[in-house]
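This report concerns only the one structure given below.
Now the structure itself:
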């Protein structure tokens, strides 16, 4: 059930007694920004376009409010549609065609929580206190001297501690809630504040989904049921060795012949 609390400063939206997002003149929950005509990117690193000004949407109007649905209009520039479906709160967005294509949404955070997810990460297990990019950026292990096929420049190792070849726009909290963003654009999830989490997108996401769980196992299970579960690993992967070998075709065939000659 969606609970809406309003006051002179703004409003708070809760589900099952847990605050999901709140809005006030000083702390607006939505911001819009406009991209620059030119961007710079080097060897697969996230695009750089300098500092982009974001404009907070402070004024709002409640258009519809019920136990299972809620519609809020922000200054005629953005409508947030919230509904309960599949045991989770689903947020979708409508806006007129304009020059604004950057989007920020602020969710409530819980002090002391730990955050896990956002895909395959090697910098740290707990992401709380960090600003995480969601961008495919190979760490380049063992490829410093390998030129890419369409460029004469060598591939360098990524120096980003949180660069990854498998970013995923979802996470879970030790406070037993999960968040999933339906998007394919470059994004950043900012967990540095103890009071809120800021989700920033290069394009408006199709949907933000926030779910609650009764336990850690229930929370992870609910997220995987929503995002999808991978198929079982093929049986052949458990028979013999699976090797990652580089160096070109001749080098791979040489090592293959050596392995076969040794009886592998």
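Numbering (our numbering), first residue to last: 802 to 1065.
Glycine included, every Cβ here is placed at the ideal spot set by N, Cα and C.
Inter-residue Cα distance where the pair is residue 984 and residue 903 | Each residue's alpha carbon lies about 13 Å from the other.
Could you check what DSSP says for residue 820 in three-state terms: helix, strand or coil?
-> Residue state, collapsed to three classes: strand.
So residue 1050 is in the beta strand (DSSP E); what residue range does that whole segment cover?
-> Unbroken run through residue 1050 is the alpha helix (DSSP H), 1050–1062; no beta strand (DSSP E).
Coarse secondary structure for residue 893, derived from DSSP in three states = Residue 893: strand per DSSP, three-state reduction.
With 16 as the cutoff for other CB atoms within 10 Å, does residue 1001 come out buried or exposed?
-> By the neighbour-count rule (16 or more Cβ atoms within 10 Å), residue 1001 is buried.
How big is the Cα-Cα spacing for residue 885 and residue 804?
-> About 11 Å.
Buried versus exposed call for residue 1012 [16 or more other C-beta atoms within 10 Å across all chains shown] | Buried is the label assigned to residue 1012, since at least 16 other Cβ atoms lie within 10 Å of its Cβ.
Grab the span of the alpha helix (DSSP H) containing residue 1025 for me, first residue to last.
-> Counting along the chain, the alpha helix (DSSP H) containing residue 1025 begins and ends at 1017–1028.
Work out the CA separation of residue 822 and residue 864 for me, nearest whole Å.
-> Cα-Cα distance, rounded: 17 Å.
Compute the Euclidean distance between the alpha carbons of residue 816 and residue 1036, then round it to the nearest angstrom.
-> Distance between residue 816 and residue 1036, taken at the CA atoms: about 43 Å.
Throw me the rounded Cβ distance for the residue 1009 and residue 875 pair, which I believe falls under 8 Å.
-> With 8 Å as the limit, residue 1009 and residue 875 do not qualify as a contact, their Cβ atoms being about 15 Å apart.
Of the residues 896, 888 and 979, the one placed nearest residue 872, counting alpha carbons only = Of all alpha-carbon atoms in 896, 888 and 979, the one lying nearest the alpha-carbon of residue 872 is that of 896.
Which residue comes first and which comes last in the beta strand (DSSP E) that contains residue 978?
-> Membership of residue 978 in the beta strand (DSSP E) is indicated by the continuous run 978–983.
From what residue to what residue does the beta strand (DSSP E) around residue 963 run?
-> Note, residue 963: premise wrong, no beta strand (DSSP E); not H, not E.
Using the rule of at least 16 other Cβ atoms within 10 Å of the residue's Cβ for burial, across every protein chain shown, is residue 977 buried or exposed?
-> It counts as buried.
How long is the line joining the alpha carbons of residue 1023 and residue 929, rounded to whole angstroms?
-> The alpha-carbon atoms of residue 1023 and residue 929 are separated by roughly 21 Å.
Straight-line CA distance for residue 959 to residue 855?
-> Bear in mind that the predicted position of residue 959 carries a pLDDT of just 49, short of 50, making it unreliable; the figure below should be weighed with that in mind. Using only the alpha carbons, I get a separation of about 29 Å.
Mind checking which residues open and close the beta strand (DSSP E) that includes residue 806?
-> Per DSSP, residue 806 belongs to the beta strand (DSSP E) from 803–807.
Name the DSSP bridge partner or partners of residue 759?
-> Since the first residue shown for the chain is 802 and the last is 1065, residue 759 is missing from the structure and cannot be characterised.
For residue 987, which option in 1005, 1042 and 833 has the closest C-alpha, if you only look at C-alpha atoms?
-> Closest option to residue 987, Cα to Cα, is 1005.
Please classify residue 996: does DSSP put it in a helix, a strand, or coil?
-> Note: residue 996 maps to coil in three-state DSSP.
In this structure, does DSSP put residue 991 in helix, strand or coil?
-> In this structure, residue 991 counts as strand in the three-state DSSP scheme.
Proximity to residue 1015 [Cα-Cα], best of 1045, 973 and 1065 = Residue 973 is the option with its Cα nearest to residue 1015.
CB-CB under 7 Å to residue 975, same chain, minus the five flanking residues each way: which ones, in chain order?
-> Same-chain partners within the cutoff: 914 and 915.
In terms of alpha-carbon separation, which member of 891, 879, 888 and 883 lies closest to residue 898?
-> For the residues 891, 879, 888 and 883, the minimum Cα distance to residue 898 belongs to 879.
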